[in-house]
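Chemist:
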Amino acid sequence: MKNRFTLAALLLCSTIANATIKLPAVIGDNMVVQQNADVRLWGNAAANGEVKISTSWGATASVKADKEGKFLTTVKTQAGSYDEQSITITDKDGSVTLNNILVGEVWFAGGQSNMEMPLKGFGGCIVKDGVDEAIQAEQYPAIRFFTVPKLHSFEDVTDCNSAWKTTKNFSDVMEFSATAWYFARNLQPALDVPVGIVVCAYGGSRVESWMPESLLKNYADIDYSKEGVERYQPDWERPLVAYKGMFHVAHQFTYRGIIYYQGCSNVGRHETYAERLADMVKQWRGEMGLGEIPFYYVEIAPYAYDGDNAEGISGALLREAQYKAQDLIPNSGMISTNNAVLPFEVVNIHPQLKQPVGARLSYLALNKTYGYKYLCCQGPIFSGQWEVKDGEAWIKMGNITHGICRNYDIQGFEVAGEDKVFYAADKVWVHWQTDEVVVSSEKVSKPVAVRYCFKNFQIGTLIGGNDLPCVPFRTDNW
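Heads up: take any position in the sequence shown, counting from 1, add 2, and you land on the numbering used here.
(1) Keeping to the same chain, check which residues put their C-beta closer than 7 Å to that of GLN460; ignore five residues upstream and five downstream.
(2) Quick one: grab the DSSP three-state call for GLN460.
(3) Quick check: the segment 204-223 against the segment 96-115, are there 3 or more CB pairs under 8 Å?
(4) Are the segment 193-200 and the segment 104-113 in contact at 8 Å, needing three or more beta carbon pairs?
(5) Name the DSSP beta bridge partners of HIS433, please?
(6) Can you grab the Cα-Cα spacing for the pair LEU242 / MET213, in whole Å?
(7) To the nearest angstrom, how far is the alpha carbon of GLU313 from that of LEU344?
(8) For TYR184, which three-state DSSP category applies?
(9) Classify THR403 as helix, strand or coil using the three-state DSSP reduction.
(10) Could you pull out every residue in the same chain whose Cβ sits closer than 6 Å to the Cβ of ALA19, ignoring the five residues on either side in sequence?
(11) Express the C-alpha separation of SER447 and TYR425 in angstroms, rounding to a whole number.
(12) According to DSSP, is VAL1 part of a helix, a strand, or is it coil?
(13) Do you know how far the Cα of MET336 is from the Cα of VAL40?
(14) Which of the three DSSP states is assigned to ARG476 in this structure?
(15) Can we say the segment 393-406 touches the segment 352-360, given the rule of at least three CB pairs closer than 8 Å?
(16) Apart from the five residues just before and just after ARG321, which ones in its own chain have a Cβ nearer than 7 Å to its Cβ?
(17) Would you say LEU377 and ASN369 are within 8 Å of each other, going by their C-beta atoms?
(18) How is ASP281 classed by DSSP in three states: helix, strand or coil?
(19) To the nearest angstrom, how far is the alpha carbon of VAL452 from that of ALA427?
What follows is the structure, given as structure tokens:
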């Protein structure tokens, strides 16, 4: 028995020693691959040798590795199903088989801490019902997660120490991005196919953190040299280094689309944000090589920026820039989180209500990407049109296919006269025949401007279908 064991061990070591196939962590057991697509597979094999791919669903591919052993090819996938699949990759020295693979829908989840925030929460910041959600997650075996570890780097990093995780282990699920989890948890039963999420998020990162030198060189206010980058404080706001250390780990994987939650660290730099976000998306899409895949993102939540100043507007200005970015980014959409915070979270940058955030992102995907057009996916918006009648501001609203779903106790509006001093509206009502919101204040006889939740922290109550909030806005440009 001892001799047989020793021989078996030696044979195993010999097989490992001779095997030259090495795959990045994102291509592994338990992964979800995009359905009905040419899915990319890449890695290292014997230099200048042929690499053959075979799959349990019958698709095959062959490619020659280059002189360094690198290879990249595609394999066609079938329609999504819950049947476990396998992929075998072979070169002259041996083969590697990947097991428990599902075919379905795959999304890339990027951003900063509110995307990173796991179901277990952060220290001092809970995710409402997050632990209970993780406990019950085993009932969703067709949802899989891959999380790119947080890393700053000045060199391109193309692999990491991570793996695809299933919902079998409660401790694994506790580490899943809460926002991305709730997104996937809605998509999976609605589409009735497996869903895979690749999370690539770094708390505190600026939009510039996710850009290469080729973009950063166009921004006069950014020093992207190594010495310059190291001077940025706090260090999580440094440009370039999240892009280098994390994005390239998984950007070649094949995705249906991108969800994104970021912006807090760009507050105070709203003048450049919309254009830079559009630049980042164009760069990401170009490197992913999948065309103009959907890009759905989250408006930053109410928070007392400017040194715990709830009345300031620097956060509102960044939200305004985020809203405008939709016009610059093809095939994009933004969801508002104005009512997805609790009143006592005025100085909590990580609101606990992640379920509505993920759900609202899923509504965008279901409506705009998957064709469920009857599903309300965005809240009311200011149409850009308004007029004054008898001391009242009549504001024309848009995006109200499902109507304005609240016509009493509407909070969040302010009115200003020629002195440019804003007063809280004391009367707000909805003229449902024309979809106008009528706003007035006894302190303003002739309104010249109206604002809705245009503050760092102000929760409004005007909603549309699916409890989707009115996007904060202003009629002035002061």
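We put the beta carbon where it would ideally sit given N, CA and C, even for glycine.
Modeler: On the basis of the coordinates in this document:
(1) Translated into positions along the sequence shown, residue 460 becomes position 458. For GLN460, where only same-chain residues beyond five positions count, the Cβ hits under 7 Å are PRO304, GLY414.
(2) For the purposes of this step, residue 460 is taken as residue 458 along the sequence shown, with counting starting at 1. DSSP places GLN460 in coil when its eight states are reduced to three.
(3) yes
(4) yes
(5) Working through the sequence shown from its first residue, we reach residue 433 at position 431. Paired residue(s): GLU438.
(6) Counted from its first residue, the sequence shown places residue 242 at position 240. Counted from its first residue, the sequence shown places residue 213 at position 211. Each residue's alpha carbon lies about 5 Å from the other.
(7) Position 311 of the sequence shown, counted from the start, is the residue given in the question as residue 313. Position 342 of the sequence shown, counted from the start, is the residue given in the question as residue 344. Answer to the nearest angstrom: the Cα atoms are 16 Å apart.
(8) The residue labelled residue 184 in the question sits at position 182 within the sequence shown. Looking at TYR184 - three-state DSSP - the assignment turns out to be helix.
(9) Counting from 1 along the sequence shown, the entry for residue 403 is found at position 401. Note: THR403 maps to coil in three-state DSSP.
(10) As a working mapping, residue 19 is identified with position 17 in the sequence shown. Model confidence at ALA19 stands at a pLDDT of 34, short of 50, so the residue's coordinates are unreliable and nothing is read from them.
(11) Here the question's residue 425 lines up with position 423 in the sequence shown. Here the question's residue 447 lines up with position 445 in the sequence shown. Whole-angstrom Cα-Cα distance: 11 Å.
(12) Here the chain has residues from 3 to 480 only, and residue 1 is not among them.
(13) Within the sequence shown, numbered from 1, the residue matching residue 40 stands at position 38. Within the sequence shown, numbered from 1, the residue matching residue 336 stands at position 334. Note that residue 40 is Asp in the sequence shown here, rather than Val. Cα to Cα, the separation comes out at about 28 Å.
(14) The residue given as residue 476 occupies position 474 in the sequence shown. The answer is strand: DSSP assigns ARG476 an E or B state.
(15) no
(16) Here residue 321 is taken as the residue at index 319 of the sequence shown, counted from 1. The residues are GLU301, ILE302, PRO474.
(17) Residue 377 sits at position 375 when you count from the first residue of the sequence shown. Residue 369 sits at position 367 when you count from the first residue of the sequence shown. Result yes, Cβ atoms of LEU377 and ASN369 sit closer than 8 Å.
(18) Counted from its first residue, the sequence shown places residue 281 at position 279. In this structure, ASP281 counts as helix in the three-state DSSP scheme.
(19) Against the sequence shown, residue 452 aligns to sequence position 450. Against the sequence shown, residue 427 aligns to sequence position 425. The straight-line gap from Cα to Cα measures roughly 9 Å.
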